[in-house]
Every structure is written in C-alpha cells, then in structure tokens.
Amino acid sequence: MQELLYHSTRDTSLTATASQAILRGIAPDGGLYVPDRIPTLRKSFDELSMMSYPEVAYEVLRLFLTDFSDEEVRAAVNAAYNTENFDRDDITCLMKANGAYYLELFHGRTIAFKDMALSILPHLMSISAKKNNLKEKIVILTATSGDTGKAALEGFANVPGTGIVVFYPKDGVSTFQERQMLTQEGDNTHVIGIRGNFDDAQREVKKIFTDEAFAAKMKSAGYVFSSANSINIGRLIPQIAYYVYAYTRLMEDEITFVVPTGNFGNILAAYYAAKMGVPVSKLICASNDNKVLFDFFESGVYDRNRDFILTSSPSMDILISSNLERLIYEIAGDKTADLMSSLAGSGKYSVKDLAGKSAEDGDGPLDMFRGEYATEQEMQEEIRHVYKDCGYVLDPHTAVASASYRKYLADTRDLTPAVIASTASPYKFSASVLRAIEGDSFREGTDKELIERLSKLSGVEIPAAVDRALNGTIRHNTVCDPADMEKEIEKIFL
Ligand SMILES: *Cc1c(COP(=O)(O)O)cnc(C)c1O
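Reading the sequence shown from the start, the letters are residues 820 to 1313 in the numbering used here.
Now the structure itself:
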C-alpha cells in the first residue's frame, strides 16, 4: 500500500508517519497533523455492508495507518471493539425514532461516544512506541472536567507499556462523575483531585508538559509524557469508521449526518468519511447556546469573544473548537497559521474571502456543512417530545442535535435520510433528562434514585458502567493543591 504521510496544518514541511503523529499528538509548531490525502475506500459498500463493526474499522484504519502492518491494525481493532469493552455485540447500532436514525455510540465502558476512540488509542500508541523504538513507558497526563478523563482511564487501564494520571477539580465534577473516576480499576491508573477548578488543573498540566528538567528526570527513570486529547489523529481516524459503518447499514442513495459538536472532532470524522467516498448530502453541525460554530458557518467569521454559557450539555460548552483547524486548512492552506495566530491574539478570524473563492461552484469544503443550534429550552422540549411520541429517551447532547435537525427540516424540507450521532447514554445525565421529561413534577434525588427512576420510565436496562460506578470500591483518594501536581507525579513514578 502506498505510504500515507501526515503534515502540520501550519507548515507542510513538518511531516510524520502515522505512528509518529500518534506518539506526538500535536505537531512541533503547535499545528495539527493532517493526512497528505484522504484515502478512498477499497472495498465496495456491498462488501462493507456484510461486515461486522471491527471488520469495517479495520478496513478504514489500515488505509490511514500505512506504517502499521495489517496484523497490528487487526490486533488493535480486536483489543478495542469487543464485548469486554462494549455492552452490545455489534458495538454500535442505529435506532429509528421520530423520522430519523440515532447512531448509538454510547455502548462503551463510560457510556459516551469518546469510548469509540479511547478504547483503541492506547493500543495504537503502544504499537507506535514499539515501531519507533521508544524504550520508555508512556505516561498519559490529562486534566479533565469529568468525562474525557474517565474515558481515557478506561482506555489505558492495564495496557502494557502505558500509565495514566488524571487530575480533576475536586469540587468541579458531579458526584457520579467523581465516583466513576475514583472506582477506576487497573494497576497503571492514577486519579488525583485538586483543590481548584478545571482551568487550574489544565494550566498546571500544560506547565508540566513543558518543564524540560522534569521531562529529563522522568526519562532517566524510564518514562515519557504524552497526551490523549482529541486532536490526536489516533482519536480522529477511528471515529471515521462508524460513519462508514452507519452508511453501510442503511445503503440509501445519500445520507445526512447530524452531529452534536464541541471540539469539532466527531463531525470532522464524518467529513473525512465523506471524502473517503460515503455519499453524504449534508453535515449538520449542532451547537448548544455556545453557538460559535453556528455563527461561523453563517457568517464566515469565527469569534470566540462572547460569554461562556454553562448548559446541560457540558461536553459542548466550548468556545475554541480545536479540530476546526483541520477544516480551515482545507480552505486556507498556507494561510492557516496566520488565522490561528489571529485566533490566539484577537480571538477571531474570517474566512469570508477564502470560502467565497473555494465555493464558487457550490462544492467547496464549507458547502457540505450547515450550522444549527438548539437552546436549553429547545433541547428539553426535544427530550420530552421524542419520549412522548416514541418512548425513546435522548441524552441532552443528542437532544441538541435532534432539535437542530428538526429546525433544519422545518427550514429546508430536505427529506434525505438523516443519521443523528447519539453521543451519550441518558443514564449519564439522569437528572437533566428526568427534569426535561417530568417538567414541574421533577424532584431531586440521589444518583441511584434518579437512575432507577429513569430506568422505570425508559425501560432501558441500567448499563454495567453505571453499576460499576454506583457499587464499585473507591480505589483512589489523593487530593492536592494545583502547585503540588508535579510532586504527586514524582511520588508515583520516581
Ligand atoms: C465530547 C462530546 C461531544 C462533542 O464532541 P466533539 O468531538 O468535541 O465535537 C458531544 N457529546 C458528548 C456526550 C461528548 O462527550
């Protein structure tokens, strides 16, 4: 197979193989790695439609990971997509409700879609380490506001050659999220609460990443730091697979994907699937009240200068969508670095001139996208309405996408079959979901009570992940000040 290389969005001369890009995460100039070209699918849709999820994932991944052997790709896929890690044999499924298909991506160990990528990334990393003769163990450092940390912990738990330390704001996550993390199993997992907020944790982690003296100390003890955040191509590429898979389950002439968006990783994977050959009509980028992306697709101006709004879909409360840089690169090319430094400086940039040029014939990269958004109230009404009509229960993130799709339909009457990326189990947000459905009669309760009430109402079995969090043994109990995070890492490894 022809080798596929990756290069930085800010400097095409900074290249890397797939395994190098996975190990580095981010390019040396702060840009994001993008493939030199997007490969097209080698198997026909008829063939793919007969394959299981792991088989489809294998077909997609091998085209991108050309410095991996077929055996290595297969081993990583099989280690990730199995019934140990997912509570459905088929890994993901399409549920038809209310005139659309919901692609349930939440059957992994933390019942949110990040498991789709974080269950395979650790294996891709450990193979990449061997391939590049890395002698040291990889230590993943993550600051989390709740969800990503847990998904990373589950992914890296007991993966040979790796360790993971997650810092979370002690009083800044829900009691359920905290229990999920503190009950984490695995000899190589470490969870530390900090007396501070998420930004404190994030800032200190960044500091530790750039502390060269500390890196040297760790290296002589046999460790190197790495990160598992969503700009790593090792997270992006596995996400392409479920869009290919979803299409091959439907085999319509064309489909539209609707994606609840935060960091722009999930929807970018849908765009790459389209470039691989999946017949995509539209990509609907759904935002909550933090609708910076909606405004961008409307106006061509990205402007983060606005209030940050806390919503019930917290994983979409984002004002800088890092992965958008990869789409910007498609229209801006060598002007990307300038646009990104403008974002870092004034907090905004415009692609109006560029987008106009590339889209004269209506098929520029931006033309496939359509921005929509749903307010908190529209999200709640959507949960209530889909439940009343079909008995199907949505989580708040999926409901933002579902409500956005409804607005799009009302606007365009576009009857192309639509697949809505369903990114979290409603059990992850029991209180918000019950509040939406029960309205004024809603009353608070413990996590356990709320979960049991939701189970009665939805008739959906309580996932094993929820049981593990509610009933598991607390295995982590370290708490520290942000200034002492580095010391805590020393205690663990040195
Ligand atoms: C992370 C997340 C999102 C947003 O995905 P991006 O790839 O950041 O756009 C949406 N929903 C849920 C439940 C998430 O955890």
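Think of the CB as a built atom: it goes at the ideal place given N, C-alpha and C, for glycine as much as any other residue.
If you're wondering where the values come from, they're calculated on a predicted model, not measured in any experiment.
From which residue to which residue does the beta strand (DSSP E) around residue i run?
i     : result
H826  : 825-827
A916  : 912-916
F1188 : 1188-1192
P1079 : 1074-1079
P854  : 852-854
L833  : 830-835
Compute the distance between the beta-carbons of residue i and residue j, then report whether it is under 7 Å.
i     : j     : result
S1249 : L1228 : no
A895  : L937  : no
V892  : L882  : no
A1105 : V1205 : no
I1103 : V1077 : yes
A1222 : T1075 : no
I1052 : A840  : yes
S1251 : P1282 : no
V1120 : S1169 : yes
S1141 : N1082 : yes
V1285 : I1270 : yes
T806  : F864  : Summary: the structure shown does not reach residue 806, with the chain confined to residues 820 through 1313, and so no result is reported for it.
Who are the Cβ neighbours of residue i in its own chain at under 7 Å, not counting the five residues just before and after it?
i     : result
K989  : G1012, I1013, R1014, V1298
T1002 : R1287, A1288, G1291, T1292, I1293, R1294
G927  : N904, F905, D934, M935, S938
E1071 : P1236
L924  : T911, F932, M935, Y1061, A1240, S1241, T1242
S1100 : E1073, I1074, T1075, T1235
Y1192 : A1105, S1106, N1107, K1110, F1113, S1223
What's the gap between the Cα of residue i and the Cα of residue j?
i     : j     : result
I1059 : K1036 : 38 Å
H942  : S838  : 11 Å
D1230 : Y921  : 21 Å
L1313 : A1040 : 7 Å
M869  : R861  : 15 Å
V1010 : R1054 : 22 Å
E1117 : N1107 : 15 Å
Q1196 : K1247 : 19 Å
E1201 : P1079 : 14 Å
Could you check what DSSP says for residue i in three-state terms: helix, strand or coil?
i     : result
H942  : helix
P1098 : coil
F932  : coil
P979  : coil
Y921  : strand
T1231 : helix
Y1168 : strand
P988  : strand
L1213 : coil
If I follow the unbroken alpha helix (DSSP H) through residue i, where does it start and stop?
i     : result
G1164 : 1155-1164
V1238 : That residue, V1238, is in no alpha helix (DSSP H); its beta strand (DSSP E) goes 1237-1241.
Y1042 : Premise fails: Y1042 lies in the beta strand (DSSP E), 1042-1045, not in any alpha helix (DSSP H).
A876  : 872-883
Which same chain residues end up closer than 6 Å to residue i when comparing Cβ atoms and leaving out the 5 residues on each side of it in sequence?
i    : result
G850 : S827, T828, R829
Within its chain, find whatever has a CB closer than 8 Å to the CB of residue i; leave out the 5 residues flanking it on each side and keep chain order.
i     : result
V1043 : L953, E955, K956, I957, V958, A1034, M1037
R1203 : A1255, I1256, G1258
L1173 : I1150, A1151, K1154
R1123 : V1111, L1138, I1139, L1162, G1166, K1167
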